[in-house]
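In my numbering, each number is its position in the sequence shown, counted from 1, plus 12.
Idealized CB from N, CA, C, for every residue including glycine.
A short write-up of the structure that comes next.
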Amino acid sequence: MISRLYRISTVRYYSSYTDVRVRFAPSPTGRMHLGSLRTALYNYLFAKSKNGQFIVRIEDTDQNRLVDGVAEEFEQILTDYDLKIDESPQKGGSFGPYQQSKRLNYYHDAVKQLIDSGHAYRCFCTAQRLEILKKNAIRERTSPKYDNHCRHVNNDESEARKDEPHVVRFKFDKEKIDFDDIAYGHIHTEVDEGDFIIMKSDHFPTYHLANVVDDHHMQISHVIRGQEWLASVPKHVKLYRAFQWQQPKWLHLPLIMRNARSKLSKRDEDGFADYYYHQKGYLRSAILNLLIRNGSGIRYFDVKKFYELEEMIEQFDESLLGTRSLQLDTEALDRYARLSIAKAYEEKTLNDEIRFFFNRKQVKVNLELLTEEYLNKSTEFLTNNEEAFSHLGQLIVPENKKEKDMFSFLFTVPNGPIELPKHIKSTENAINYLNLFINYIDEVKGWDYEKIKEICSINQISPKHFLMFIRISTINNVNGPPISELFEFYGSEEIRKRLERQVKWLKEKVELTGKTSQLDSGDVDQSYKAKKEESCQVDG
């Protein structure tokens, strides 16, 4: 453990940036987190602002915790966000393999080199002995650490026992280590912990060894990763010195916080990189803007401005990187999302984004609702309601009933009778009200609120309740725009057709049950109830 880690100064570390090569190196032990996406973004911005290479390396040495398919998913997510990869397991490259489980020969050679040079040794301590050391440290209220017991096993004995179960440890003596970080400045540490493991008993390397060996052989010029790895730099510095290799430049990024007091947990559903894009339907550019929101590394940063990815690259300046944590602000995300939707609408790409979203979500939509003509009409309506519309997930019926359903009506076609609202006392009344409005459409051929009030007065019904019922009958949704806006969107003829279908369905329901006044209280034929629940994304 590092007993002291503090910042000496805010001096920035500069480099000539010749042959800039950076890597994003996730571990496929779980889905990509939002913090990992941010790390990938900053690696990408740094590399491309210097005409460098952006590499993806999969660190899969923890074989017991691997999750199938996650490694491939990482590359797909980066591709989804338009972070163009230069080298990776799928893309290939001159410095492969790009998967650590396929690079074991590099690590075994490195371990042999360290043992031969006296910097590392085999450790034969049992799990029971190590547990005793840990318990003794807890009892004595000291930091648990290895006591370097096997450091004193001579070379002949170690060689003779090499087929026994063992790990390999690196000699990590107490000393002061200084290094420079582009964001955190000059760091001084005093290291006082036991010799650490670099090769496990399964002959797979630990993170520390594999990281250093791969960064060297892949000619990584800058290591850009999360702040949580800052405390590991002294170990890596010592390894570089033992190998007599040149160190890369270090750059550690601040954390993403849930709020001022707690960091974003890897257990939080909204902490995953695919949550906002794949599940909620936020446009990618909105999410990337959220990830640079604290202004780190962007020249003349304006929190109210919307940045395209190319503009982020052009404005990127590593000397402006700070250490202030980024708070996950969903209100800010919605603001960026509205800007991204407006821009996509202006650039005529919003229609494709909607189609892609429905395809990703495997939502079936009537093909008539995906024509260019209808999508143009729908996106115009959505952009006119920009204060309420921020992400494409609002176009489908929400799984969470607490979420307000405002826009799913655009891509649903009612195909069954509605559930009568409480103020409509009987199905007979509902049919009468629908016929009243159909007659109004035939007579007026447009929107005339005064005429509607007159109809309501004659029939002793509140205009508010009457129009709410007509809206529900039109789109099968208690939420949504006023019926006046639906008139403008659909036109009187489409409204008329939908209301006539409702009249037909309600009459059929009456015939099936032989009842009218009790239908709205739950005495409904089950087959019709099932049909009503299908009223949504598509007719097949």
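Proximity of residue i and residue j at Cβ, strictly below 8 Å
i: Arg483; j: Ile495; result: yes
i: Arg350; j: Ser420; result: no
i: Asp74; j: Ala83; result: no
i: Tyr386; j: Glu380; result: yes
i: Lys261; j: Ile268; result: no
i: Leu340; j: Arg270; result: yes
i: His178; j: Arg134; result: yes
i: Phe182; j: Ala132; result: yes
i: Phe318; j: Ser352; result: yes
i: Val224; j: Leu251; result: yes
i: Pro40; j: Val79; result: yes
i: Asn488; j: Pro433; result: no
i: Ser129; j: Ala254; result: yes
i: Leu394; j: Leu345; result: no
i: Ser244; j: His220; result: yes
i: Pro217; j: Gln239; result: no
i: Gly458; j: Trp517; result: no
i: Phe107; j: Gln258; result: no
i: Leu46; j: Phe369; result: no
i: Phe423; j: Val377; result: yes
i: Ile325; j: Ser61; result: yes
i: Val165; j: Ile210; result: no
Beta-bridge partners of residue i, as assigned by DSSP
i: Leu265; result: Gly238
i: Leu338; result: Ile268
i: Phe499; result: Bridge partners of Phe499: none, in fact.
i: Phe66; result: Val34
i: Cys135; result: Val179
i: Pro433; result: Paired residues: none, contrary to the question.
i: Pro217; result: Met211
i: His45; result: Phe284
C-alpha distance - residue i paired with residue j, whole-angstrom precision
i: Thr51; j: Phe36; result: 7 Å
i: Ala59; j: Phe66; result: 6 Å
i: Ser438; j: Phe478; result: 14 Å
i: Ser411; j: Glu399; result: Per the sequence shown, the amino acid found at residue 411 is Glu instead of Ser. Glu411 and Glu399: Cα-Cα distance of roughly 22 Å.
i: His215; j: His120; result: 8 Å
i: Lys519; j: Glu384; result: 36 Å
i: Asp226; j: Ala122; result: 11 Å
i: Lys316; j: Glu500; result: 33 Å
i: His248; j: Phe208; result: 11 Å
i: Cys162; j: Phe136; result: 7 Å
i: Ile408; j: Asp417; result: 8 Å
i: Ser337; j: Phe184; result: 31 Å
i: Ser213; j: Ala298; result: 45 Å
i: Leu511; j: Ile464; result: 16 Å
i: Asp31; j: Ser233; result: 7 Å
i: Ile189; j: Gly197; result: 14 Å
i: Asn167; j: Lys146; result: 27 Å
i: Asn117; j: Thr361; result: 48 Å
i: Lys543; j: Lys292; result: For Lys543, the predicted model reports a pLDDT of 42, less than 50, meaning its position is unreliable; a value from the coordinates is still stated below. Whole-angstrom Cα-Cα distance: 27 Å.
i: Asp314; j: Asn441; result: 57 Å
i: Tyr294; j: Asn491; result: 21 Å
i: Gly81; j: Phe481; result: 48 Å
i: Thr335; j: Ile199; result: 13 Å
i: Tyr502; j: Asn396; result: 15 Å
i: Lys186; j: Asp364; result: 59 Å
i: Asp159; j: Glu169; result: 19 Å
i: Ile467; j: Lys476; result: 12 Å
i: Leu49; j: Gly64; result: 19 Å
i: Tyr288; j: Ala149; result: 45 Å
i: Arg279; j: Ile144; result: 32 Å
Distance between beta carbons of residue j and residue i, contact taken as under 8 Å
i: Asp286; j: Arg43; result: 7 Å
i: Asp92; j: Arg296; result: 7 Å
i: Leu300; j: Leu53; result: 6 Å
i: Arg69; j: Tyr110; result: 5 Å
i: Ile236; j: Val34; result: 6 Å
i: Ile453; j: Arg508; result: 5 Å
i: Glu85; j: Lys157; result: Actually they do not touch by this definition, with Cβ atoms about 37 Å apart.
i: Ser485; j: Leu446; result: 6 Å
i: Asn515; j: Ile443; result: Reading off the sequence, residue 515 comes out as Val, not Asn. Val515 to Ile443, Cβ: 6 Å. Contact.
i: Glu330; j: Gly309; result: 6 Å
Whole alpha helix (DSSP H) runs in the segment 146-215 with 4 or more residues, listed along the chain? 167-172
Taking only runs that begin and end inside the segment 269-328, name each unbroken alpha helix (DSSP H) of 4 or more residues, in chain order. 296-303 and 321-327
Which parts of the segment 85-118 are runs of the beta strand (DSSP E), unbroken and 3 residues or longer, counting only runs that do not cross its ends? none
Note down, one range per segment and in chain order, each alpha helix (DSSP H) of at least 4 residues found wholly within the segment 345-411. 362-372 and 384-396
Of all the alpha helix (DSSP H) runs that stay within the bounds of the segment 471-496, which reach a length of 4 or more residues? 475-487
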